[in-house]
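Chains as they are written, first to last, in the working numbering: chain H, 94 to 371; chain R, 94 to 371.
Below you'll find the structure, written out as structure tokens, and then a few comments.
Number of protein chains: 2
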Amino acid sequence: MTEPEEHALPLSRLSLNLGTLGPGRPLPEIVACCRRYGIATVSPWRYNYEDMGAAAGARMFRESGLSVNTVCRVAGFGEADSPPAWRAAIDEGRQILDEAATLGAASVTFIGGGLPAHSNDLRAARARVQDGIAALLGEAQARHVDLAVEPLHPMVAADRGCISSLEQAIALCIGPGTGVVVDCYNSWWDPQLERAISAAAGMILAFQVSDWRVPTTDLALDRGLMGDGIIDLRRLRLLAEAAGFTGCVEVEVLSRRLWSRDLDALVAEIVARFREHC
Amino acid sequence: MTEPEEHALPLSRLSLNLGTLGPGRPLPEIVACCRRYGIATVSPWRYNYEDMGAAAGARMFRESGLSVNTVCRVAGFGEADSPPAWRAAIDEGRQILDEAATLGAASVTFIGGGLPAHSNDLRAARARVQDGIAALLGEAQARHVDLAVEPLHPMVAADRGCISSLEQAIALCIGPGTGVVVDCYNSWWDPQLERAISAAAGMILAFQVSDWRVPTTDLALDRGLMGDGIIDLRRLRLLAEAAGFTGCVEVEVLSRRLWSRDLDALVAEIVARFREHC
Numbered sequence: 094m095t096e097p098e099e100h101a102l103p104l105s106r107l108s109l110n111l112g113t114l115g116p117g118r119p120l121p122e123i124v125a126c127c128r129r130y131g132i133a134t135v136s137p138w139r140y141n142y143e144d145m146g147a148a149a150g151a152r153m154f155r156e157s158g159l160s161v162n163t164v165c166r167v168a169g170f171g172e173a174d175s176p177p178a179w180r181a182a183i184d185e186g187r188q189i190l191d192e193a194a195t196l197g198a199a200s201v202t203f204i205g206g207g208l209p210a211h212s213n214d215l216r217a218a219r220a221r222v223q224d225g226i227a228a229l230l231g232e233a234q235a236r237h238v239d240l241a242v243e244p245l246h247p248m249v250a251a252d253r254g255c256i257s258s259l260e261q262a263i264a265l266c267i268g269p270g271t272g273v274v275v276d277c278y279n280s281w282w283d284p285q286l287e288r289a290i291s292a293a294a295g296m297i298l299a300f301q302v303s304d305w306r307v308p309t310t311d312l313a314l315d316r317g318l319m320g321d322g323i324i325d326l327r328r329l330r331l332l333a334e335a336a337g338f339t340g341c342v343e344v345e346v347l348s349r350r351l352w353s354r355d356l357d358a359l360v361a362e363i364v365a366r367f368r369e370h371c
Numbered sequence: 094m095t096e097p098e099e100h101a102l103p104l105s106r107l108s109l110n111l112g113t114l115g116p117g118r119p120l121p122e123i124v125a126c127c128r129r130y131g132i133a134t135v136s137p138w139r140y141n142y143e144d145m146g147a148a149a150g151a152r153m154f155r156e157s158g159l160s161v162n163t164v165c166r167v168a169g170f171g172e173a174d175s176p177p178a179w180r181a182a183i184d185e186g187r188q189i190l191d192e193a194a195t196l197g198a199a200s201v202t203f204i205g206g207g208l209p210a211h212s213n214d215l216r217a218a219r220a221r222v223q224d225g226i227a228a229l230l231g232e233a234q235a236r237h238v239d240l241a242v243e244p245l246h247p248m249v250a251a252d253r254g255c256i257s258s259l260e261q262a263i264a265l266c267i268g269p270g271t272g273v274v275v276d277c278y279n280s281w282w283d284p285q286l287e288r289a290i291s292a293a294a295g296m297i298l299a300f301q302v303s304d305w306r307v308p309t310t311d312l313a314l315d316r317g318l319m320g321d322g323i324i325d326l327r328r329l330r331l332l333a334e335a336a337g338f339t340g341c342v343e344v345e346v347l348s349r350r351l352w353s354r355d356l357d358a359l360v361a362e363i364v365a366r367f368r369e370h371c
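If you want it as structure tokens, here you go:
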């Protein structure tokens with residue numbers, strides 16, 4: 094495979110996943126800070142807008158000139174091994190789709206969920222995740238919001254999301270209204286990643302960056318800022334672009350260390366790291 | 094795929110990987126304890142015999158009637174991005190092969206190693222791991238010791254071993270003298286695991302069990318005893334047997350919690366868990 098050519102990435106291609114800033118920060122402060130640093134696109138988690146409601150959140154983003162990329166995130170199907178749990182997963186998925194439509198997001202990320210407590214039946218959980226996509230697809234299409242199927246790192250397969258490789262995510266896509274997320278942190282180790290990115294041509298709905306720290310001390314919340322670890326982010330971005338991806342490069346650095354930092358200093362560093370390492 | 098039939102596993106099929114007991118326990122105590130609980134096969138780490146030397150260790154195992162399954166473990170190639178580091182990896186690999194031959198082990202586990210410090214070039218590290226297998230194969234064959242290529246969990250790809258899937262391990266095998274390790278802890282999440290186990294028919298040199306705890310709090314040393322987690326160990330064992338595997342089921346539970354436990358109580362529990370969950 095020939096290596097794709099490098100080119101610099103303008104700040105307009107940056108999307109800031111608000112999970113990077115963490116819970117507990119008021120949305121007006123986040124929005125003002127994004128504007129101060131020239132960020133034009135964000136991806137909220139539900140905790141970012143649930144106090145004020147999606148409509149007020151949408152108004153706040155719109156009035157600040159911020160676009161919404163994707164909303165995080167739909168799960169709960171893997172664990173749903175009873176009819177009430179299944180109905181709850183459907184209801185929550187539908188609600189997130191409603192909110193995404195209100196926010197003007199093009200997609201919701203779909204991580205599917207993990208295993209029920211005390212279960213060792215991974216195949217059944219994965220089958221439920223597949224069924225969850227089928228069950229939500231009509232709801233998603235009706236709202237013009239895509240389901241962005243996201244493989245998570247295998248280390249969180251049991252308790253967060255049991256879609257573990259990009260190849261598996263691609264196989265779960267069932268036509269218009271479905272696509273995949275390439276999250277470099279979740280997938281960098283995958284021996285089949287290059288092949289899978291090529292196979293995902295035309296289906297990549299989101300491309301997310303953060304870095305793998307050595308050592309890593311927590312399975313969920315110890316991601317590094319771009320440049321703090323060992324992932325060749327630029328190469329993966331170029332591979333995604335070679336597969337036709339032209340969207341935003343979304344910074345999603347889930348880390349307790351970052352969550353406690355001063356907001357302006359953190360966003361300034363994110364922008365600097367984006368310019369240098371993506 | 095039809096499900097393989099279940100059958101009970103006799104204690105003669107148990108191999109105890111001594112990494113389960115941890116460093117710091119004198120080998121004579123370990124050997125005596127294994128015999129008390131009817132364990133006939135063990136797999137040492139280098140720290141188990143390095144004080145006394147491999148020859149004395151071999152004598153101790155032999156006089157106690159213990160067979161040695163595999164010796165852990167060959168690494169260092171992924172990191173070896175300079176000629177001196179490469180020579181050191183070759184020398185260490187050769188020495189472990191010598192020790193394995195002395196101990197009467199059928200194989201050494203080959204995890205290959207991770208990335209050099211400050212490198213983000215995963216492909217180069219993987220190429221070195223592949224070259225390391227080729228470089229050691231003649232040495233291994235001369236000693237009648239196989240290289241058992243072991244995929245590690247992707248969460249330790251950067252710092253321990255960058256062979257991350259069974260499919261990748263199979264592709265690294267280059268004929269007689271090479272084969273693979275199926276370690277349930279490292280590979281349970283793999284969407285292609287069933288297919289890869291079938292493809293490994295005739296090449297499975299070792300089959301290892303432990304359990305994935307929810308939550309998991311450490312990336313290397315928080316494994317659970319069989320039954321403490323969410324891996325369907327019996328099913329994976331039956332799949333390996335359907336692929337022709339007839340060797341020992343090796344208990345390798347790397348966990349700081351276990352290392353501090355009373356030796357007799359720990360080995361007794363290992364035997365009980367083996368009977369119940371494998």
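C-beta atoms are modelled at their ideal positions from N, C-alpha and C, and glycine is treated no differently.
Here the structure is a predicted model, which means the values were calculated and not measured.
Integer-rounded CB distance, given that residue j should sit under 8 Å from residue i
i      : j      : result
W282/H : S257/R : 5 Å
V242/H : L196/H : In fact, because the Cβ distance is near 20 Å, the residues do not count as touching under 8 Å.
L208/H : A251/H : 5 Å
L298/R : D239/R : 6 Å
M153/R : L107/R : Actually they are not in contact, since the Cβ atoms of M153/R and L107/R sit about 19 Å apart, beyond 8 Å.
L190/R : E232/R : 5 Å
V302/H : V274/H : Actually they are not in contact, since the Cβ atoms of V302/H and V274/H sit about 12 Å apart, beyond 8 Å.
G272/R : G205/R : The pair is not a contact, with the Cβ atoms about 14 Å apart (cut-off 8 Å).
C371/H : L102/H : 5 Å
I267/R : A292/R : With 8 Å as the limit, I267/R and A292/R do not qualify as a contact, their Cβ atoms being about 15 Å apart.
Distance CB(residue i)-CB(residue j) smaller than 7 Å
i      : j      : result
R221/R : Y278/R : no
G146/H : L104/H : no
P244/H : Q261/R : no
Q223/R : L265/R : yes
I324/R : D311/R : no
R366/H : M319/H : yes
A218/R : G171/R : yes
P247/H : P247/R : yes
L314/R : S348/R : yes
Candidates the options, of which the one nearest residue i by Cα
i      : options                        : result
F300/R : D321/R, D214/R, A193/R, S200/R : S200/R
L230/R : F203/R, V249/R, P308/R         : F203/R
Q188/H : I123/H, G117/H, V164/H         : V164/H
G340/R : A313/R, Y140/R, L331/R         : L331/R
Y142/H : R129/H, G158/H, I123/H         : I123/H
L83/H  : H211/H, L329/H, E362/H, N110/H : Residue coverage of chain H in this structure runs from 94 to 371, which leaves residue 83/H outside it and unanswerable.
R216/H : D174/H, I183/H, R166/H, P116/H : D174/H
V135/R : A148/R, A198/R, R166/R         : A198/R
R306/R : V346/R, A333/R, R288/R         : V346/R
A335/H : R139/H, A181/H, R288/H         : R288/H
R139/H : A133/H, A148/H, R166/H, A125/H : R166/H
Backbone CA spacing between residue i and residue j [nearest angstrom]
i      : j      : result
M296/R : P269/R : 9 Å
L259/H : G112/R : 33 Å
V364/R : H237/R : 31 Å
C127/H : G150/H : 15 Å
A193/H : P137/H : 10 Å
I290/H : V342/H : 15 Å
D276/R : A228/R : 24 Å
V249/R : G337/R : 29 Å
R118/H : R155/H : 19 Å
G186/H : N213/H : 25 Å
L329/H : R368/H : 15 Å
S157/H : D321/H : 31 Å
C129/R : E362/R : The residue you asked about is not Cys; residue 129/R is Arg in the sequence shown. When rounded, the distance between both Cα atoms is 13 Å.
D144/H : I226/R : 57 Å
G169/H : A182/H : 5 Å
A125/H : P116/H : 16 Å
S353/H : R180/H : 36 Å
L359/H : A294/H : 33 Å
A148/R : A133/R : 19 Å
D357/H : P176/H : 46 Å
What are the start and end residues of each continuous beta strand (DSSP E) run of 3 or more residues lying completely inside the region 231 to 274 of chain H, in chain order?
-> 239 to 242
Could I get the ranges of all uninterrupted alpha helix (DSSP H) runs contained in the region 269 to 341 of chain H, with 4 residues as the minimum, in chain order?
-> 277 to 280, 286 to 292, 326 to 335
Pick out the complete beta strand (DSSP E) segments inside the region 107 to 169 of chain R, 3 residues or longer, and give them in chain order.
-> 107 to 110, 134 to 136, 163 to 167
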